[in-house]
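Peer 1: Below is a structure I'd like to ask you about.
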Amino acid sequence: MSEPVAHRTVVFDESPRVHHLLDRENVLGPVMLAPLLVYLVALVGVPLVLVFVYAFSDASTGSPTYSFVGLSTFQRTIADETFRTALRNTIVFTILSQVVVIVLATILGFVMTANFRGKWIVRFLVLLPWTTPIALSALAWLWMLDSLFSPFNWILGQLHVVAEGTPVAWLGENTLAVGSVVALQAWRTMPLAAVILMAGLTSIPPELNEQAAIDGAGFWRRLFDITFPLLTPIMMVAILFGIVATFTDMAAVYILTHGGPGDATQVLASWSFYTGIESGSLADGAAIGVFMFPVLLGVCLLMLRRARRAEVL
Amino acid sequence: MKKRRSDIQTRANPSTGQALLARRLTRRDFVKAGGAFALTAATFPTILSSCLGGGTSGGSKTLKILQWSHFVPAYDKWFDPWVKAWGQSKGVTVTVDHITYDQIPIRTAAEINAGSGHDLILWIVPPSQYEPSLVDMGDVVKQVEQKYGPQLDFAKLTNFNPHTNRYFGFTYSFAPDPGDYRKSLFAQAGMSDGPTTWNDMLSAVTQIKSKSKGAVRGGIGFSPEPDSNMAARALIWSYGGSEQDKDSNVTINSDAVVQAVDFMARLFKQAETSEVFSWNAASNNQGLVAGSLSYILNSISAYRTAQASKPDVAKDIFFAKPLSGPGPKALASEHVIQTYVIPKFSKSQDTAKEFLLYLADHASDFVYQSKLYEFPVNPTTNAQDKLYGSGGWLDSDPYQSDPVTKLQVLKDATTWSVNVGYPGPASPAIGEIFDKNILPSMMAAAAKGDKTPKQAVADAETQIKAIFANWRQKGLVGGTT
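Going down the list, the sequences are from chains A and B.
Take 1 as the starting number for the first sequence in my numbering and just add one per residue.
Take 1001 as the starting number for the second sequence in my numbering and just add one per residue.
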C-alpha cells in the first residue's frame, strides 16, 4: 500500500539581499542581457578584433606564433588580380541581388497582404527559402544547375530549345554563372524582405488610400504618391538586412561555383576563405576580410540611425 | 505566516504533471534555473574531460583519427573495424571520424588553432603549411624505410621539407592518375588502344564529339577543383614546363607552359563545352559513367563506381598511360597521396606512431581493400609481389574487371607518377597555388579567350611569385626567385 501523499512546502533559503536584487529591473535587465552580450563578445567581438590583429601580421593557420608586419599584407592583397575581381563581384552581386529582391519582395508583400483563399499557403511557400540553411539550398541549386543532370536542361531539351547532348552550362559561362549566384542570393534573402515589406504595408492606414480613391486617384497614383513614400523607411531596413546577408556570404559561391569559371564569381568572403583557411595564409585572408568592414560598418550605422529614428517617432 | 513569493508549493504529489503545472514559476526561479543550467552546460564538458583525462580513457590509451571518406567506400568499411581491432589488442580505444576530403583543411585549421582534436589526421595532398604545428615523423619514415625500402622520390618530396629538413607527415600510399577512356569510341577514331600523345587525344576526342553531334565530349576540366589541377600539371610537365624547379624557384613563365596553355585552349574549342569550367571533383567521373565524356584523367575510382552501377559502361572503360608532349617525358600527378600527420597537441603521439608502423606492415591489406586504388610508396612491402608480381592483382584484377588484365597498364605507375610541385618538393607555396586553383584558372582564361596564353601565364606568374615570397618570409620554402 502506498504511503499517503503529504502536502509539502519547499522553501528556498534565500537571503533577502538576493531576493531584493532580482526584483529590481535595473539588476535583472543586465542579468538577462548578459548571455547575449557574452555571445556577441565571444563570437563576434573577439573574432573581429582578431581579424584586424591577423591582418597586420604574418599569421598562418599552421603556426602558433606570428609577428606584426605593418601594411605588407594589404599591399600584397591589393596587388592581387583575383582580389580586385572579388571586390568588384561582391559589390555587383550585392547590388544586383538586392534590386531583384526589392522588386519581387514588394510584389510579394502586396500578394501576402491581399485577401484570397489559400493565403497561408502562399505565405508558407514564400517563407520556405528563409527556413532552409544556405548550405542545403545551395546544394539543391547546384543539382538544378549541374551540367549533366540539370532538370532545367531536361525541360529545355523536351521543349527542343536546346539540342539533346548539348546542355546549357549554367555555371560554366561567365554571365550565366554570375546570374546563377545572384539568383540564389536573391532567392534566399527575398523572404525576409517580403515579410518586412508586408509588415510595412499593413501598417499604412487604409483610410489614406480610401480617401485618395474617393478623390479620384487611380492605382498607380496611390502606389507612387502614398504607398511607396510611406513604405520607403521600412524598405530601407529590408535593403540593409539584404546587403549584410549578401555581402558577407560565401556559402553560395563556395558550393555553387567555387569562384569559377576562372575567377568570374569569386567574392571577398570566398577569396578570404580560400586564402586564409584552405591555403593557410591567415594574415592575407584576414586582410581580404578587412575590406568588407567599411561597407558593413556603414550599413550598420545606417541601420542604427534608422532604428533610432523609428524609436523617436 | 505569510509565504514568500518564491516558495514552491505543491498541493499534490510533486511528481505528477498536474503538480508541475500547478507550480508557480517566478521570474527569480527562472533566472536561477537558467543560471544553473548554463553553469552546468558550461562546466560539464570540462568536468567530463578532466575525469577522462587527455590521451587516456579510464586509464587506457586513446587514439582519435580523422580522415576523409574514401572514394572507394569499401575501404572505410574495412578500415574502421580493422583499426579498432588493433586498438583492442593494444589496449587502445580508437575512434575514427570520416569527413569529406574538402573538409579536412578546414577541420585541421580549426583543431590546430584550438590546440585540441584528433591525434592523427589523414590528408590526400601534402599539408605542408601546418609544418610548425606538426610532429616530426622522421623516426616513423626511417623505421618503415629500414623494413620496406626507401620511399619513392615523389613520396619523399611530398612529406619531407628539404628547406627545414623535417618530415612533417608520413606518406604511405598513392593513387595513380591514368587516362580513362571509352574504348569503343576511341576505336571509331582509329585508337582502340587509347591515345599515347596529347595530340592523339585531341584528335580522337574532336572526332568523337563531331560524330556524336556534341553528345560525347572531351573530359579534361578547367575548373577550380583537384582533378583540373592534376590535369593542368600533367600537361605542363609533358610539355617540359613546371611551376618550380627542384630548388623551389618559380619557373612557370616559360615557352613550354605557354605552349601547354595554348594546347588546352585548342582542346576546349575543338572538343569540349563550357561545362568544363563548372565542374567539381566528381563531375568528370559522373560524365564518363553517364556516357557523356570519352576521355578523362582520373584514378580508377570512377571505373570502380561504374562496375557497380553501370557494368556495360565499365566494360568499355580502359586506361591509358600519361600522354606524351614535346617535353622529355610523359608524367602524371599522383591522384591522391595519403599522408598522415600528428598535431603537436596530441597526447597520444607514441600510440599514433605505433599505429602507422602497423599500417605500413599491412600494405597488402590497404591495397586490396581499396580495390587497388591505393599503391604503397615503399618498394618492398608485403603488397609488392601481390600487386605487381607476375600473375598478381594488376595482371588479374580480383575485382572482376573484364578483361581481368585491364589494370596492367598501372604496373609501372611508380615510374610515371610524380608529386604536385615536381620537380621540386611540396611546400606551403605549392599548396596555396593548388588550393587557389591558379593553374586551372590560367588555362580557363586562355580557353575562354579572356587572355592570350602568354598573358595568362604572365599573370599566373605574378600571383605565384607573390605566394612564394610570402612563404619564404616564413622560412618554410626554399629558392630565391
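No residue lacks a Cβ here, since even glycine has one placed at the ideal position from N, Cα and C.
All of these numbers come straight from a predicted model, not from anything done at the bench.
Indicate whether the contact test is met: 3 or more Cβ pairs, each with one atom in the segment 1369 to 1386 of chain B and one in the segment 1346 to 1358 of chain B, closer than 8 Å.
Peer 2: Cβ pair count under 8 Å is below three, so no.
Peer 1: If you measure from the beta carbon of I288 (chain A) to each beta carbon in chain B, is any gap under 9 Å?
Peer 2: no
Peer 1: On the three-state DSSP scale, how would you describe S1015 (chain B)?
Peer 2: Reliability fails at S1015 (chain B), whose pLDDT of 44 lies under 50, so the model's placement of it is uncertain and the value that follows must be treated cautiously. The answer is coil: DSSP assigns S1015 (chain B) none of H, G, I, E or B.
Peer 1: Using a 10 Å radius around the Cβ and a threshold of 16 neighbouring Cβ atoms, would you call M32 (chain A) buried or exposed?
Peer 2: With fewer than 16 other CB atoms across the displayed protein chains lying within 10 angstroms of its CB, M32 (chain A) is exposed.
Peer 1: Taking the alpha helix (DSSP H) that Y1368 (chain B) falls in, what are its first and last residues?
Peer 2: Looking at the DSSP string, the run of the alpha helix (DSSP H) that includes Y1368 (chain B) is A1363 to Q1369.
Peer 1: With DSSP collapsed to three states, give me the class of R1217 (chain B).
Peer 2: strand
Peer 1: Can you list, in chain order, the residues of the segment 1272 to 1287 of chain B whose Cβ is nearer than 9 Å to any Cβ on chain A?
Peer 2: T1273, S1274, E1275, V1276, F1277, S1278, W1279, N1280, S1283, Q1286 and G1287
Peer 1: Taking N1437 (chain B) as the reference, give the member of B:Q1463, B:G1287 and B:M1264 with the closest Cα.
Peer 2: B:Q1463
Peer 1: Run through chain A and tell me which residues come within less than 7 Å of P1105 (chain B), C-beta to C-beta.
Peer 2: I277 and E278
Peer 1: Run down chain B in chain order and give the residues with a C-beta less than 8 Å from the C-beta of A86 (chain A).
Peer 2: Those do not exist, as A86 (chain A) stays about 12 Å from chain B at its closest Cβ, beyond 8 Å.
Peer 1: Look at I243 (chain A) and V299 (chain A) and say whether their C-beta atoms are less than 9 Å apart.
Peer 2: yes
Peer 1: Using a C-beta cutoff of 9 Å, does G1138 (chain B) count as contacting chain A?
Peer 2: no
Peer 1: Can you give, in chain order, each stretch of the alpha helix (DSSP H) that sits fully within the segment 1384 to 1470 of chain B and has at least 4 residues?
Peer 2: Whole alpha helix (DSSP H) segments, 4+ residues: 1384 to 1388, 1413 to 1416, 1428 to 1435 and 1438 to 1447.
Peer 1: Assuming F1375 (chain B) and A1413 (chain B) are in contact, meaning their beta carbons sit under 8 Å apart, how far apart are those beta carbons, in whole angstroms?
Peer 2: Rounded, the Cβ-Cβ distance is 6 Å, consistent with contact.
Peer 1: Closer than 9 Å, CB to CB, is R24 (chain A) near chain B or not?
Peer 2: Judged by the 9 Å Cβ criterion, R24 (chain A) is not in contact with chain B.
Peer 1: Could you work out which residue in B:R1107, B:I1317, B:I1252 and B:N1298 is closest to A947 (chain B) when comparing CA atoms only?
Peer 2: Past the edges of chain B, shown from 1001 to 1481, lies residue 947 (chain B), and the structure says nothing about it.
Peer 1: May I ask you to list, following chain order, the residues of the segment 167 to 180 of chain A that have a beta carbon less than 9 Å from some beta carbon of chain B?
Peer 2: P167, V168, A169, W170, L171, G172, E173, N174, L176 and A177
Peer 1: For a contact meaning CB atoms closer than 8 Å, what does G1431 (chain B) contact in chain C?
Peer 2: In the displayed structure, chain C is absent; the protein chains listed are A and B.
Peer 1: According to DSSP, is T1108 (chain B) helix, strand or coil?
Peer 2: T1108 (chain B): helix per DSSP, three-state reduction.
Peer 1: Counting only Cβ-Cβ distances shorter than 7 Å, please list the residues of the segment 1130 to 1155 of chain B near chain A, keeping chain order.
Peer 2: Y1130, E1131, P1132 and S1133
Peer 1: Which same chain residues, not among the five before or five after G179 (chain A), have their C-beta less than 7 Å away from its C-beta?
Peer 2: none
Peer 1: With distances taken between CB atoms, is the gap from I1124 (chain B) to I1065 (chain B) smaller than 9 Å?
Peer 2: no
Peer 1: From the DSSP output, in three-state form, read off R305 (chain A) for me.
Peer 2: Note: R305 (chain A) maps to helix in three-state DSSP.
Peer 1: DSSP has N1161 (chain B) in a bridge; who is on the other side?
Peer 2: B:R1166
Peer 1: Looking at the strands, I want to know which residues DSSP matches up with V1250 (chain B).
Peer 2: B:Q1244
Peer 1: Is it right to say W170 (chain A) is buried, meaning 16 or more other beta carbons lie within 10 angstroms of its own, or is it exposed?
Peer 2: buried
Peer 1: Tell me the DSSP secondary structure of G1179 (chain B) in three-state form.
Peer 2: Shown here, G1179 (chain B) sits in a strand according to DSSP, grouped into three states.
Peer 1: If you draw a straight line from the alpha carbon of C1051 (chain B) to that of T1093 (chain B), how long is it in whole angstroms?
Peer 2: At C1051 (chain B), the pLDDT of 46 sits below 50, so the modelled position is not reliable; the number obtained from the coordinates is stated separately. For C1051 (chain B) and T1093 (chain B), the distance between alpha carbons rounds to 16 Å.
Peer 1: Taking only beta-carbon positions, decide if L304 (chain A) is within less than 9 Å of chain B.
Peer 2: no
Peer 1: Would you verify that the beta carbon of S1049 (chain B) is, or is not, closer than 9 Å to some beta carbon of chain A?
Peer 2: Confidence is the limiting factor: at S1049 (chain B) the pLDDT is only 47, short of 50, which leaves the residue's position unreliable, though a coordinate-based value still follows. False, the Cβ-Cβ gap to chain A never drops below 9 Å.
Peer 1: Roughly how many angstroms separate the alpha carbons of S1060 (chain B) and L282 (chain A), rounded to a whole number?
Peer 2: 37 Å
Peer 1: Counting only Cβ pairs nearer than 7 Å, list the residues of chain B close to Y274 (chain A).
Peer 2: D1435 and K1436
Peer 1: What residues of chain A sit near E1225 (chain B), judged by a beta carbon separation below 9 Å?
Peer 2: H258 and G260
Peer 1: With a threshold of 16 other CB atoms inside 10 Å of the CB of H160 (chain A), please say whether the residue is buried or exposed.
Peer 2: exposed
Peer 1: Leaving aside the five residues before and after V27 (chain A) along the sequence, list all residues of the same chain whose C-beta is less than 7 Å from its C-beta, in chain order.
Peer 2: Non-local C-beta neighbours of V27 (chain A) in its own chain, meaning closer than 7 Å and more than five positions away in sequence, comprise L21, ordered along the chain.
Peer 1: Please report the Cβ distance between R1222 (chain B) and V1276 (chain B), rounded to the nearest whole angstrom; I am assuming they are in contact, meaning their Cβ atoms lie under 8 Å.
Peer 2: Contrary to the premise, residue 1222 (chain B) reads as Phe rather than Arg in this sequence. That pair is a contact at about 5 Å.
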